[in-house]
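S.K.: Count along the sequence shown from 1, add 578, and you get the number used in the numbering used here. Think of the CB as a built atom: it goes at the ideal place given N, C-alpha and C, for glycine as much as any other residue. One structure is given below, represented as structure tokens, and several questions about it will come after.
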Amino acid sequence: MSVHIASLIVRVRPERADAVASHIARISGAEIHANEDGKIIVVLEAASERALADHMDALRQVPDVLMVSLVFHQMDADAEVEPA
579 MSVHIASLIV RVRPERADAV ASHIARISGA EIHANEDGKI IVVLEAASER ALADHMDALR
639 QVPDVLMVSL VFHQMDADAE VEPA
């Protein structure tokens, strides 16, 4: 089994950044690495590209999210995603 790892920049309204970061932190496989001036840096792990895309689409629907940008994507064929 493989794991897909993506790095994202999530742009949000600065006054709502902490609330959005809290929402993101509750997503299985998501880790917040920075939250500053309306930019949230997220690393996301999922079992497939489709699952990553679904998470990104869901993030775009979160109130106060202005933009979700994929910065990096890698597939690790030797790793496994831990169950939620």
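#1: Please confirm if the stretch 644–655 is in contact with the stretch 606–614, defined as three or more CB-CB distances below 8 Å between the two stretches.
#2: Determine the closest residue to V640 out of H601, H582, A584, V581, with distance taken between C-alpha atoms.
#3: Could you work out which residue in A603, H582, E614 is closest to P592 when comparing CA atoms only?
#4: Name the residue from V590, A624, R628 whose alpha carbon lies nearest to the alpha carbon of A612.
#5: Apart from the five residues just before and just after S585, which ones in its own chain have a Cβ nearer than 6 Å to its Cβ?
#6: Using the Cβ count rule (16 or more neighbours within 10 Å means buried), how would you classify L595?
M.R.: By the coordinates alone:
#1: Taking 8 Å as the limit for Cβ pairs, the verdict is that the stretch 606–614 does not touch the stretch 644–655.
#2: It is H601.
#3: If you compare the alpha carbons of A603, H582, E614 with that of P592, the shortest gap goes to E614.
#4: A612 has its Cα closest to that of V590, out of V590, A624, R628.
#5: Within the same chain, Cβ atoms closer than 6 Å to the Cβ of S585 are found at V621, V649, F650, the five residues on either side in sequence being excluded.
#6: Looking at the sequence provided, one finds Ala at residue 595 rather than Leu. The residue is buried, with at least 16 neighbouring Cβ atoms inside 10 Å.
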